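What follows is a set of notes on a single structure, which appears directly below.
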Amino acid sequence: MPDRLVGLQDDPAIHGDALRRCDARAEGNGRAVSGLRPAGSRRRGHLAGIDRNGLRVLADRVFCPPLVVSQPAFLFGPLCDPELSAIVFGRPVPGYPARLKDHVLHHPNGEGFAYIFPFAGAWVDGEVVELEDGSMDRLRYYCGVLGCTFRKMAVMRNTETVATEVACAEQAESPSSTVWSFDDWQARTAKVAREAAAEIMRLMETHSIAQATAILTQIK
């Protein structure tokens with residue numbers, strides 16, 4: 002039996018260091034993590050190694066499962082349209098019904114994206130989605146081009162309060178006299194909104210938010 006492995010060694014120091022790195026990743030992240038083992042537990046797997054004579058041998062090594070991070074975001078207005086949402090995220094994203102209290106939905110001049118506005122006693126119905134970093138980046142880009150930034154806000158999902166990322170207009174205006182209607186939007190604006198969303202997401206590959214905003218302003 003060869004007495005030396007190249008690249009793989011059953012060394013307690015290596016195992017301990019790997020566990021510490023894996024546990025630190027879990028403890029240092031406050032967002033939702035899936036597929037990560039409990040901190041401090043060991044999980045071993047056999048990996049193939051090659052000795053100096055070219056023989057295939059096995060070494061017992063510790064490994065960490067892939068780290069998958071997600072964060073909740075609250076979608077409302079046009080983003081609750083499955084077709085538009087799939088354009089923004091590049092794929093269908095399942096959501097859960099939720100409600101943002103003490104706000105209303107309006108769209109300046111009766112067109113464009115719907116914005117939330119504080120209003121005591123009212124509420125905005127929408128969806129909570131769990132987004133990985135890539136999907137969250139796409140949402141930030143799309144909403145950023147439409148003049149929104151994100152804030153942490155509490156929404157109600159069933160009886161549970163959830164802290165979510167919510168797109169808010171950078172320059173809030175007074176609500177329009179007509180309450181935003183999903184049915185009216187579908188009948189009058191949805192087709193144009195989806196085309197605009199497709200153009201925005203295409204620009205994401207080569208343009209900054211500011212550049213994309215300028216281009217869309219010229220198109221309008």
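Under this note's numbering, the very last position in the sequence shown is 221; numbers go up by exactly one each time.
Cβ atoms here follow ideal geometry from the backbone N, Cα and C, with glycine treated the same way.
Please read all numbers here as calculations on a predicted model, not as lab measurements.
- In terms of CA proximity to Val167, Gly127 leads the group Thr218, Lys192, Ala198, Gly127.
- Note on the region 148 to 208: whole alpha helix (DSSP H) runs with a minimum of 4 residues are 183 to 189, 191 to 204, in chain order.
- Boundaries for Val94: no beta strand (DSSP E) harbours it, and the DSSP string shows neither H nor E there.
- When beta bridges are read from the DSSP output, Asp126 appears opposite Arg100.
- Taking C-beta atoms under 8 angstroms as the contact rule, Phe114 and Pro79 qualify, at a distance of about 6 angstroms.
- Gln72 is bridged by DSSP to Leu132.
- A Cβ-Cβ contact shorter than 8 angstroms links Ala74 with Leu140.
- Under the criterion of beta carbons closer than 8 angstroms, Val130 and Ile201 do not qualify as touching, at roughly 18 angstroms.
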